[in-house]
Structures are given as C-alpha cells and as structure tokens.
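One structure below.
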Amino acid sequence: MELHEFTVSEAAATVRRREVSSTDLVRALLARMEALEPALGAMLHWDAEAALAEARARDAEPPIGPLHGVPIALKDNLSVKGQFCSCASRILQGYRAPYDATVVEKLRQAGAVLLGRTNMDEFAMGSSTESSVICPTRNPWDFERTPGGSSGGSAAAVAARESFAALGSDTGGSIRQPAAFCGCVGLKPTYGRVSRYGLVAFASSLDQIGPLARDAQDAARILHAISGPDPRDSTSLPDAPPDFVAALGRGIRRLKLGLPREYFSGGMDADVEQAVRAAVRVLEGLGAEAVEISLPHTEHAVAAYYVLATAEASANLARFDGVRYGRRAENPADPLEMYGRTRAEGFGAEVKRRIILGTYVLSSGYHDAYYLHAQKVRTLIRRDFRQAFERCDVLLTPTTPSPAFKLGEKIQDPLQMYLADIFTIAANLAGVCALSLTCGFVEREKKLPVGLQIIGPWMGEETLFRVAGAYEQASAWHKEAPLG
Amino acid sequence: MNYEAVIGLEVHVQLRTRTKMFCGCENEFGAAPNTRTCPVCLGLPGALPTPNHAAIHLVALTGLMLGCEIAPRCKFDRKSYFYPDMPKNYQISQYDLPTCRGGGLEIMRESYPKDAQKKVVAGRYIRLVRIHLEEDVAKSFHFETASGIDFNRAGTPLMEIVTMPDLRSPEEAFAFLSTLKLVLLYGGVSDADMEKGQLRCDCNVSVRPVGQEELGTKVEIKNMNSISGVRRALAYEIERQTEMLRGGGRLTQETRRWDEAAGATFAMRGKEMAHDYRYFPEPDLLPVDTAAWLDDVRRRVPELPLARKRRFVEMLKVSDSNAGVLVADCALADWFEKAVKDVTNTQGVANLVVNDLLRELGAAGKGVTESPVAPEALGALVALTDAGRISSSQAKEVFVEMFRTGRAAAEIVTERGLEQVSDAGAIGKLCDEVLEGNAPIVVQIRAGNAKAVGNLVGQVMKLSKGKANPAMVNAVLHRKLGL
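Heads up: the protein sequence lines correspond to chains A and B, in order. If you want the numbering used here, it's the position in the first sequence, counting the first as 1, plus 671. If you want the numbering used here, it's the position in the second sequence, counting the first as 1, plus 3.
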C-alpha cells in the first residue's frame, strides 16, 4: 500500500509506531498533489517547506496527541497565523491572517501537521466550487463533473488521496453535499459543538466547521480533536467531546431510523433513491428499525434559508471594504467610491447576488415580510426535528437529489444550484448534526458515488457514528477510490 | 406669536471598564495610535465578539440609579452602515431589547448655569425612554492628503441614554446634562468628561406655538463638545427655527452640525438621506439574562447627589447653598463627611470647607483629594472653636496656616499664643482696669445707655490683644456694672 492511501487512523498509528515519519507522509502527499493538482484544482495554495518543517518538528518529538504527525488540509476560509486566507475571492487577495482559528490551535495540540489550503466557492457561497475566482475544482470520479461545494476542494483532495482528511465548513450542506459527490464521509456537527473562532463567517447562525474524511472513524478522530467549548466563541456549547471513536463499534440494535416522507417524494434521481433504500435495508439487517416520519415544514426550508443566510451574510461581508486589509480599488475619489469600486471589483457574481438579496430582506419595510417570517419558519423547522427525535434516534435521507452534476450545468441558473442543497439545509436551520457517507455508486458516463445522510439530534454525534460505524462494517463502499 | 422649544437628548457615555466591549484589549484613552487592537476590534475575518459583563453591569447600575426598569433579558443587534471608522461596517448595539427602559432624572437647582439661576423651575423631572449598550467606533484623523484611523477606541463600551422630549430650554438641557454627569460620576460609571469625548450629546429640537399640543418639525443637532456648547447650539437653533416660522418659512426634518467657532448650525443631511440601519439580532452573541447578577449590581447603587444634598440639609443642618456646593463634587462631599465625623458643629465645618478650603485649593490649583489638610484635621480645628479656645475669625487664620504647612490646628494655636483667655480671674482684672480708666462711659451706662457696654468690651479685647473670650468679657462687664 502506498503512503497516500492511508486513512488518518492508519497514518497516526504508523507514525506512532515510528514505521514511517511524518515527513514521509507529507512528501508522499506533496508528490500526489504535484501529480494531480494541475488537472484537479482541489488545492488553492500550499507551502511545501512549511509543511515539511512542521512534519520534521513532529518527527523530532514524542507524540503530543492522537493525530501526531498526520497531515490535514484546511478549507481556505480558516485563519492560520501568517497564511493567506483568500476564501477564493479577489477581495481577500494578499490578506494573511494574523491569528490562528481555534480549530487550528486544536489540530496542532492534537499533533496534526497543516498541509495546505483547499479550494472552495467564493466565501463558501455555492454548491459546485465553480464560484472560486481561482479555478473550479473537478470531481476525482469524473473530471467533467463538479465535486459539489462549497467545500469541494476539501472533498476532492480527500477523495483523490491528496490529503488523509480535511476541514470544511457547512452552512447549508457545504460539507455533506461535496462529501456525497466525491465519495467521502462529511460531518456537519451540532451548531456550537465546534468553535467558529477564526472561520470567515458566511452566515453566523448556520456555519459549522467539520471534517471530510475517508471513513467514519477518521471523521470521529478529527471531530474529537476540534470540538469543545471555546471562550472566544459565545455560541460554542459547554460540552466536552465524548469518545466518538468508541461509539463506532457500539452497534445499532433497536435503534429507530426515521425516514422523513418529505425527502422521498419525487424529484429524486431513481438510482439515488434505490441506493439509499438499499442502505436502509442493510441497517435494518443490523437490528435497527426503520419508521416513516414527517418533517412537515421541509418544503419551506430552502426559502427560509436563503433569506436568513443572505441577511447574515450581507452584514458579515460588509467588513470587506478596502480600508484595513485585502484588496482596495486604486485611486478612489472619496470613501464612498472606494467602497463601491473595491466591492464591485473584489466580489464575484454569486457573492454580490447574495449580499443584495440579504440587504433587501433586512431593509425597512421588507424586514418583517422576509427576515422575520423566515425566523418563524426556522422555529417551526426546529420543532419538526424536535418532534421527530422524540420518535427516532436518527433520520435517514439522501444527501443530494442526484449524483454529481456537470461543470457549467447549473452555474448560470442560481435557483437550480440552490436546490442542490435541498436535503441538507434543514439540519443547519435546526442546528442538529448530520453526516454523509457513501452508500453506493451509480453509472453515468463514469461511476459516481451516492451519499446517505444520517441526521442526529442536538449533540447526537455519537449516535451518528454508531450508525455510520455499523454501516461501514457491513459495506465496502468507503474503500472505493477514484483515479486508481 | 410666542414659541416654545421642545428638546430631547441622546447622550453617549463611554463606560469606565478595564477592557473593551467585545475583546480583551485595554479600554484606555491616550495610548499611541493602533496599539490597543486585536483581530476582534479590528473586525478581521473570522474574529468573534465576546461580551464584557462589567460593561453590561455598569449600564444596569446606571438604569438603577435613574429608576429604569431593567430588562430580565437583553440582547444585542447589528446596526449596519458603512463608515471608515467602523471596522465591521456594522455596529453591535441593542435595538428592541435594551438593558433599561423608562426612568428619569430630577434636575438639581445647582446644575443650571450661574447666569440662569433665575430661570430655574424647581423639581423638573426629565423622563427617559431607554438606556442601551453598544460599541464605540474608531477615530478618524484627516491630514493634508490622506486620512488616518486610530482603532484604539473601536469596540470600547458606549452607553446611550435617550430622553423623552421633556426639556424646554437650552438652560434646562445644560442643567440636565450637568446633573446626569454628576450621577454618572457618583456611580463610577464614567469619567463623563465631554471635552475628552467621554460624554457626547446629540439634541433633537423643535419649536411650536405656546399652547400647541402637536410637535413641530424635528431637527437633530450634532457635534457639540461641551455642556455649554450644547446650550449655545440649542439657543442658536431655537432662535433660527423661531425666526424661520415667524417669517412664514417652513422647517425641514434634517440633521445639522454645530460649528462652535462660527456659533451656528449647518445642514448635514436631510430626512431622505437617513440611514436604513437594517437591524437584526447579532447571531454571534447570546441573549443576556440579567436576573442572575442584578442583585449584586443593586448593592452597588450609591446615594445620589440630590438625596445626599437633602441629607446634608436636614440631618447635618448645612445651608442649602453650602450643601449644593458640597454634593456637586462627590470627592468634596466625601471629604466633608469625614471632617464632620466627630464634630457637633457641622455648619462650621461646612462653612470652612465651602469658603476657606475651596478658596485655598483653587489658589493652589489642587483637587480636594490633594488637600494638605486632612478632613479629620479640619474637624479638630472646628472642635477648638466649639470649645471656645479660639474665635471663628482666628479659626480662619489658623486654617490658612494649616493649609500652608500641613500642621495640626492645636499646634499652630499654641505656638502663636492664639488661645483665648477664658480664665475668669484674668478677665476680671482686665475689666477692672478698663472700668477704672473709663469713668464717663460707666456713668453713661448707669444712666441707662446699655449699648455703650460694647465700647468697653472692645477695649478689654484690645487690652487682651484679642485673646480674651468675648462672651466672657461681656458677661463679666455686665456683672460688674450690675446690669
């Protein structure tokens, strides 16, 4: 087996046993990146020397944590002191973060080595990684198709074995949807489980950082490393992380699996539905019980999401004005012109669309009809989930209505693009945790992975890992790799 | 037609906290530019605010001092507008759930400008709408070809107090701000120095014919940097509006800028240019439940200046004007309370403090906390006069010496031989001497001119070099003359 084929667990174990060095692992992944990147476009930037220096430092000391010496890639919206943090936008050209995000500190404390920065939709706004101003990322299973988004670079890098795992961020499905398209495990933790300090905000009440990994065990290890309370994030929850890895082997006997009927009611690719239903049967075979349930306000989720997420984004992105950092328009006549031109030149079309939409829904005279109304819908959606979790331990849905779509297929049609997140958005609105894993493949021009979404209650990640662990025990989909 | 003014104020107060509102940077005035900043108060991508609870407590304390209702749960909101001194281009503020609502403040008579004491309407109570907490913005500096921004002030805690349109004159506004400032100083909430920008005031002012219920067109005036500046700006603006209406003109709702040098207000922006702040709840901060700590804050509410003044007048028999002077400076009133601790003649202490101590402090350019005379030492001096050992005019003399040298009163009295002669034998001898030498006056007195005793008392005093106890001299002479 080649080094880049390791999982996080394998990499950590072999480094710990000193069978390979962290430096060897970094070299192997750098070589993989050199070979694939020109075509794949999963990474935005990486500093080979810095990564090797970190690896050598880990090699020179006894293990300091469970991820000792394991290289991990980061989405380009996370702050690492001294590193570029472009969010794949022109407006942050040249900006280097002067501080570390909390997840970065925690990964370092666990011994991980920071490998490089992954591509994304500009400011995490998109579902295909095509709104990156640098380049689109391609799906490792079929270069004609998108890896999903916005964490498409992270998903593609992990699937293509350029990195053992990566961090992404998920506001409406931005970890789970690309994980499904690329055949990875992707987890959006419960809102507040992972500190957002240092994550460039898109929609503050929806954003969560989470892992993209090869299998559930790797995701569990990384989640354990990055979660926990943080005094710098007022919205982080006080709970210390439990032993997620131990949950993987706990079995799912008598677990109740809810199938929300609103998620299985037409509009879905027939092959995707077949794969998901097959996965449900596998889980039933392992002792779980599937029941049909209802999340009655599901149909309003996408609309409410695009009001609330854009409203928050319109304020969050107001700071990119050319005054203090990043790009500034040249020779403006006055501050107003500086703002106008800096932002006109610095933001891409999708980001502008969302800023304008968000500004509109908060404007006086429209605030109540849009923003307030959407908040009420959000409350109802949260209640749907609370009631569902009174009857079930987890909910099962497809992660996406179809497998990976083609580059250029939806980029001209924002509404079609927004509907790519139709199954993932509600979990963000409710704040619950959700995980996507591969539950089969469909044949199009090429073989494409299909994602199963497991939604758990608030702070219910252990249950997600019980189900994911049991499923991976009974299946081999997660062992499939693209690109040979 | 006569017009009256209707005035409401929006007062911004910088809170005295150790750190800024949403980060750990020092809240400090006067540091080198951009040396008190961090990712949070610079609005860097990814940085998150965390609330400074000490600031929230100070707002609640202010609310308790001003009789406000403290919200059981308050929250923060984002107020969006673009300005180079706003790091995030939104300000974290409180919109629909402010920390305090209602309440009000009774204006103190002493707070009116000296030249307007005749206009004072006693017991004016100005109602408040609300008090909320927000973060301050940075400070812009404009140079010849460029501008600079100092972010040291960005993110420092700022409290906004909004009054009802209850004020009716520039003098009342002046007095309200002066009383308010005093209350803030008493609570240790702020240093409240308007010249340092610690207290800032925008005024909403309109005029209407006397007797009319309906309010006139409102104009907001900004950029006053002293309390007397507020008075001048309002006087100008009321005059301008009244003239406009008298001349048949119409006023427009607008914001005007006070130019201190020109002594006039100038149009800044009209109603149509008003911002749409697009408020929505700050998703990075959780709502704050006040019940958990409100009782602790309640215990920190001090005796307020007006109550203290009433106590000085009623319990300590201090004159109304002296009490007013004393409570106008919290430190002075504290000093006074220490001085009267073991003294029965509290009026005497008040007189010495208000007349002599303040005069000497003023001449020396010192504050009361730097007084070379300790309050207990002044108390001891008054005790000497009360015991009849020195006269009150001597006490004034001794005080000047105490202030100059820092020595104790008794020491100075002994050294200068100032002690009064209260020995009956010695006084009797002096009286005999004077009676012998003034036979014609004695005759006059015996003939019924009792007033002439004063002449003899004066002569005895002169003979004693002013040391004889005048009351005793008077009594002895009366006895000897059989009066």
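Beta carbons: idealized from backbone N, C-alpha and C, even for Gly. Quick caveat: nothing in here was measured; it's all calculated off a predicted structure.
Using the beta-carbon count (16 or more within 10 Å), is A/Ser1073 buried or exposed? Within the first sequence, the letter at position 402 stands for residue 1073 of chain A. A/Ser1073 is buried by the Cβ-count criterion.
Provide the residue span of the beta strand (DSSP E) that contains B/Tyr128, from first to last. Within the second sequence, the letter at position 125 stands for residue 128 of chain B. 128-138 is the extent of the beta strand (DSSP E) around B/Tyr128.
Please tell me whether B/Leu45 has its Cβ less than 9 Å away from any Cβ of chain A. Taking the second sequence and counting its residues from 1, the one referred to as residue 45 of chain B is at position 42. True, the Cβ-Cβ gap to chain A drops below 9 Å.
Using the Cβ count rule (16 or more neighbours within 10 Å means buried), how would you classify B/Thr408? Taking the first residue of the second sequence as 1, we reach residue 408 of chain B at position 405. Under a 10 Å Cβ-count criterion, B/Thr408 is classified as exposed, with fewer than 16 other Cβ atoms of the shown protein chains found around its own Cβ.
Quick check on DSSP: helix, strand or coil for B/Tyr93? Locating residue 93 of chain B in the second sequence gives position 90, where the first residue counts as 1. B/Tyr93 falls in the strand class under three-state DSSP.
Where the beta strand (DSSP E) containing B/Glu340 begins and where it ends: By one-based count along the second sequence, residue 340 of chain B stands at place 337. For B/Glu340, there is no enclosing beta strand (DSSP E); the residue is part of the alpha helix (DSSP H) that begins and ends at 333-342.
Give the straight-line distance between the Cα atoms of A/His968 and A/Lys1047, rounded to the nearest whole angstrom. One-based indexing of the first sequence puts residue 968 of chain A at position 297. One-based indexing of the first sequence puts residue 1047 of chain A at position 376. For A/His968 and A/Lys1047, the distance between alpha carbons rounds to 11 Å.
Please list the partners that A/Ala830 has in chain B, where partner means a Cβ-to-Cβ separation under 9 Å. Position 159 of the first sequence holds residue 830 of chain A. Ordered by position in chain B, no residue passes the 9 Å Cβ test against A/Ala830, which lies about 27 Å from the chain.
Any C-beta of chain B within less than 7 Å: which residues of the region 695-721 of chain A qualify? Residues of the region 695-721 of chain A that bring their beta carbon within less than 7 Å of a beta carbon in chain B are absent altogether.
Using a Cβ-Cβ cut-off of 6 Å (strictly less than) and excluding sequence neighbours within five positions of A/Gly1011, which residues of its own chain qualify? One-based indexing of the first sequence puts residue 1011 of chain A at position 340. Answer for A/Gly1011: no residue qualifies.
Do we get a CB-CB distance below 9 Å when we pair B/Thr53 with the residues of chain A? The residue labelled residue 53 of chain B in the question sits at position 50 within the second sequence. Chain A, which has a Cβ nearer than 9 Å to the Cβ of B/Thr53, makes this yes.
Answer yes or no: does any C-beta atom of chain A fall closer than 9 Å to that of B/Phe146? For the purposes of this step, residue 146 of chain B is identified with residue 143 of the second sequence, where counting begins at 1. It does not: the Cβ of B/Phe146 has no partner Cβ on chain A nearer than 9 Å.
Closer than 8 Å to a non-hydrogen atom of the ligand NAP - does that hold for the CB of B/Asn472? With respect to the ligand NAP, the structure shown offers nothing to examine, as it has no ligands at all.
Find out if the Cβ-Cβ distance for the pair A/Ala744, A/Leu870 is shorter than 9 Å. On the first sequence, residue 744 of chain A is found 73 positions in, with the first residue counted as 1. On the first sequence, residue 870 of chain A is found 199 positions in, with the first residue counted as 1. No, they are not a contact pair.
Using the beta-carbon count (16 or more within 10 Å), is B/Val213 buried or exposed? Position 210 of the second sequence, counted from the start, is the residue given in the question as residue 213 of chain B. Exposed is the call here.
Closer than 9 Å to chain B by CB, A/Tyr772: By 1-based counting over the first sequence, the position of residue 772 of chain A is 101. Correcting the residue type first, residue 772 of chain A is Ala in the shown sequence and not Tyr. With 9 Å as the cut-off, A/Ala772 counts as an interface residue toward chain B.
Using beta-carbon positions only, say whether A/Ala702 and A/Val741 come within less than 9 Å of one another. Sequence index remark: in the first sequence, residue 702 of chain A carries index 31 (1-based). Sequence index remark: in the first sequence, residue 741 of chain A carries index 70 (1-based). Cβ atoms of A/Ala702 and A/Val741: not closer than 9 Å.
Sort out for me which residues DSSP pairs B/Glu109 with in a bridge. Residue mapping note: residue 109 of chain B aligns to position 106 of the second sequence, counting from 1. Among the bridge pairs identified by DSSP, B/Glu109 is matched with B/Tyr128.
A/His1149 - DSSP class collapsed to helix/strand/coil: As a first step, residue 1149 of chain A must be located in the first sequence, where it is residue number 478. Looking at A/His1149 - three-state DSSP - the assignment turns out to be helix.
Residues bridged to B/Gly219 (per DSSP): Working through the second sequence from its first residue, we reach residue 219 of chain B at position 216. None; B/Gly219 has no bridge partner.
Just the C-alpha distance for B/Ile110 and B/Pro116, rounded to the nearest angstrom, thanks. On the second sequence, position 107 is the one that residue 110 of chain B refers to. On the second sequence, position 113 is the one that residue 116 of chain B refers to. Taking the straight line from one Cα to the other gives about 12 Å.
What beta strand (DSSP E) runs, 3 residues minimum, are completely inside the region 9-92 of chain B? Those beta strand (DSSP E) runs which fall completely within the region 9-92 of chain B and span 3+ residues are 80-83.
Three-way DSSP call (helix, strand, coil) for B/Gly431 in this model: Within the second sequence, numbered from 1, the residue matching residue 431 of chain B stands at position 428. Of the three classes helix, strand and coil, the one that applies to B/Gly431 here is helix, per DSSP.
Using alpha carbons as the reference points, say which of A/Arg698, A/Ser834, A/Pro818, A/Thr861 lies closest to A/Leu1135. The residue labelled residue 1135 of chain A in the question sits at position 464 within the first sequence. Nearest C-alpha to A/Leu1135 among A/Arg698, A/Ser834, A/Pro818, A/Thr861: A/Thr861.
Who are the Cβ neighbours of B/Pro173 in its own chain at under 6 Å, not counting the five residues just before and after it? If you number the second sequence from 1, residue 173 of chain B lands on position 170. The answer, listed in chain order, is Arg234, Leu237, Ala238.
Quick check: the region 314-324 of chain B against the region 188-197 of chain B, are at least 3 beta-carbon pairs closer than 8 Å? Segments in contact, no.
So which residues of chain A does B/Ser83 contact, with C-beta pairs closer than 9 Å? Numbered from its first residue, the second sequence carries residue 83 of chain B at position 80. Under the 9 Å cutoff, chain A gives Ser985, Ala986, Ala989, Thr1030, Leu1033.
List the residues of chain B that A/Gly1158 touches, going by C-beta distances under 7 Å, in chain order. Here chain A has residues from 672 to 1155 only, and residue 1158 of chain A is not among them.
Once you ignore the five residues that flank B/Asn207 on each side, which residues in its own chain have a CB closer than 6 Å to its CB? Counted from its first residue, the second sequence places residue 207 of chain B at position 204. Cβ within range, chain order: Gly11, Lys221, Glu223.
Are any of the Cβ atoms in chain A nearer than 9 Å to that of B/Phe339? On the second sequence, position 336 is the one that residue 339 of chain B refers to. False, the Cβ-Cβ gap to chain A never drops below 9 Å.
Mind listing the chain A neighbours of B/Asp287? Cutoff is C-beta to C-beta under 9 Å, in chain order. The residue given as residue 287 of chain B occupies position 284 in the second sequence. Residues of chain A passing the Cβ test: Arg867, Ala872, Ser875, Ser876, Asp904, Ser905, Thr906.
Could you have a look at A/Arg952 and say whether DSSP puts it in helix, strand or coil? Taking the first residue of the first sequence as position 1, residue 952 of chain A is located at position 281. Under the three-state reduction of DSSP output, A/Arg952 falls in the helix class.
In angstroms with no decimal places, state the Cα-to-Cα distance between A/Thr981 and A/Thr906. The residue given as residue 981 of chain A occupies position 310 in the first sequence. The residue given as residue 906 of chain A occupies position 235 in the first sequence. When rounded, the distance between both Cα atoms is 20 Å.
Taking B/Asp99 as the reference, which of B/Lys78, B/Asp298, B/Asp426 has the closest Cα? Sequence index remark: in the second sequence, residue 99 of chain B carries index 96 (1-based). B/Asp99 has its Cα closest to that of B/Lys78, out of B/Lys78, B/Asp298, B/Asp426.
Using a threshold of 9 Å, state whether the C-beta atoms of A/Gly824 and A/Thr800 are closer than that. Position 153 of the first sequence, counting from 1, holds the residue named residue 824 of chain A. Position 129 of the first sequence, counting from 1, holds the residue named residue 800 of chain A. Yes, Cβ-Cβ distance for A/Gly824 and A/Thr800 is below 9 Å.
Return helix, strand or coil for B/Trp296, following the three-state DSSP convention. Against the second sequence, residue 296 of chain B aligns to sequence position 293. The answer is helix: DSSP assigns B/Trp296 an H, G or I state.
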